[in-house]
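Below: the structure, in structure tokens.
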Amino acid sequence: MVFLSFIFMAAFMVSTAFGLDIVRDGKPVAQVVVSPLPTDTEPRRGFQPDDAMAAKVLVDWVSKMTDAQLPITAAPTDGRPAIYIGEAAVKAGLKLNDIQSPTNEGLRIVVIGQKALIGGQSGVATVRAVCRFLEVIGCRYLMEGPLGEVYPRLKTLHLRDFSLTEKPALLSRRIWGSQWAGETLWKIWNGAGGLSLETGHSWGRYIPQSLFHEHPEYFRMNADGQRVPSEWLCTSNMDLRALFSQRVIEAIRKGRIYPSISPPDGTAYCQCPSCKAQDNPNAIEPSSGAVSMTDRFVDFFNYIAQRVAEEFPHSILNFYCYADYTQPPAAHLNSLQTSAHGWLQFAIAASTALEAQTAHRINN
Ligand SMILES: [Zn+2]
């Protein structure tokens, strides 16, 4: 499993001023301005991140803190403190288009006087902007479910003027788990999102075993020197590389814009002399004690990346750092083509996470 923690680049400024009254003595003071208004109907499946849902999250959490129910309106009352959400905030003067986010996830909060403007460059970013606003107040959502909700209990909620601008520093932040499919508030709150990069075991998708009879040399050699039909391939074979590249290009053409090129699960690596010649016998995978497969696979992935980049220079190819290839390459670093593809950096980050995962018990 690949888990990438995320880092946000933030500019955070606080200045003293009289600020915004949200709740006073348990009574709602501020109005929440959003358009269109949220409906009472919860989405049947998953979380629909948009302005209306962001407003509901804000009202819900302010209620948790203070028992006050902030009114939601599309037409604010003049003179009443107001918290504008998403597009309503942009119409009220919030600037978002100066935030340079390649995944369109920049967000900004501005509190000035009796007005708060909260918005993001996408629905997810606007919901996250509300989450960040709540964090400034003291809320945290540490794990999925009510037990993970942390918030202060207050009679009066008052904020001083401040502004906050953020964007994700990583293109993709993703975590897997049986309870974590789709969008959830907990995931959005904690930064999940960005590009959908495919990372599954993939080789069989590109090179079917039905090719074995015609081209046994495309497939792995076992320790007895026999070619064996399976999803494991002979990655040093140049014809196999050419065909694999072509199949990846075809997959991108059909819509898998960030495809996986990950090997199959397991450790059935090709034992042919030319594949083994790519391995560094002194590079040992620490989780197993076996010779690292990173060098041979990175050489293969790099070849595929170069061919794919000729037609799709902006695609990102992805692979697990897994099994006996969790370590950065011991060789070939000077020859890697990193300019057109971000996958190498991605892989090294993933490798670091996996190393931490495999080197320690969960309670150690
Ligand atoms: Zn081989």
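Counting from 519, one number per residue, gives the positions in the sequence shown under our numbering. Positions of the beta carbon are idealized from the N, C-alpha and C atoms, including for glycine.
In terms of side-chain proximity, the C-beta atom of Ser763 is found no nearer than 7 Å to any non-hydrogen atom of ligand 1.
Here Lys705 is buried. Its C-beta has 16 or more other C-beta atoms within 10 Å.
The alpha carbon of Phe680 has as its nearest neighbour, out of Phe536, Pro831 and Thr674, the alpha carbon of Phe536. Taking a cut-off of 8 Å on C-beta distances, the region 595 to 605 touches the region 568 to 577, as three or more cross pairs fall below it. Remark: fewer than three beta-carbon pairs, one from each stretch, lie closer than 8 Å, so the region 609 to 617 and the region 579 to 590 are not flagged as touching.
With a threshold of 16 other beta carbon atoms within 10 Å, Lys574 meets it and is buried.
Within the DSSP secondary-structure output, Arg542 pairs in a beta bridge with Lys545. Boundaries for Ala841: no alpha helix (DSSP H) harbours it, and the DSSP string shows neither H nor E there.
Within the chosen limit of 7 Å, ligand 1 does not reach the beta carbon of Ser748 with any heavy atom.
Not one heavy atom of ligand 1 sits closer than 7 Å to the Cβ of Asn740. In the three-state scheme derived from DSSP, where H, G and I count as helix and E and B as strand, Glu803 is classed as coil. Annotation: Arg658 to Tyr669 spans about 6 Å, alpha carbon to alpha carbon. In this chain, the alpha helix (DSSP H) harbouring Glu829 covers Thr812 to Glu829.
Assigned with DSSP and collapsed to three states, Val552 falls in coil, not helix or strand. Considered as a whole, the region 681 to 734 harbours 703 to 707 and 721 to 724 as its complete alpha helix (DSSP H) runs of no fewer than 4 residues, in chain order. Counting C-beta pairs with one atom in each stretch, the region 741 to 761 and the region 808 to 820 have three or more that are closer than 8 Å, which means they touch. Taking the Cβ atoms as the reference, Tyr787 lies roughly 24 Å from Leu715, outside the contact range of under 8 Å. Ala808 and Ser833 have their alpha carbons spaced roughly 32 Å apart. No Cβ-Cβ contact shorter than 8 Å links Ile822 with Arg738. Relative to ligand 1, Ser681 has its C-beta separated by 7 Å or more from all heavy atoms. Listed in chain order, the alpha helix (DSSP H) elements of length 4 or more contained wholly in the region 756 to 799 are 756 to 771 and 791 to 794. DSSP places Ile617 outside both helix and strand once states are collapsed to three, so it counts as coil.
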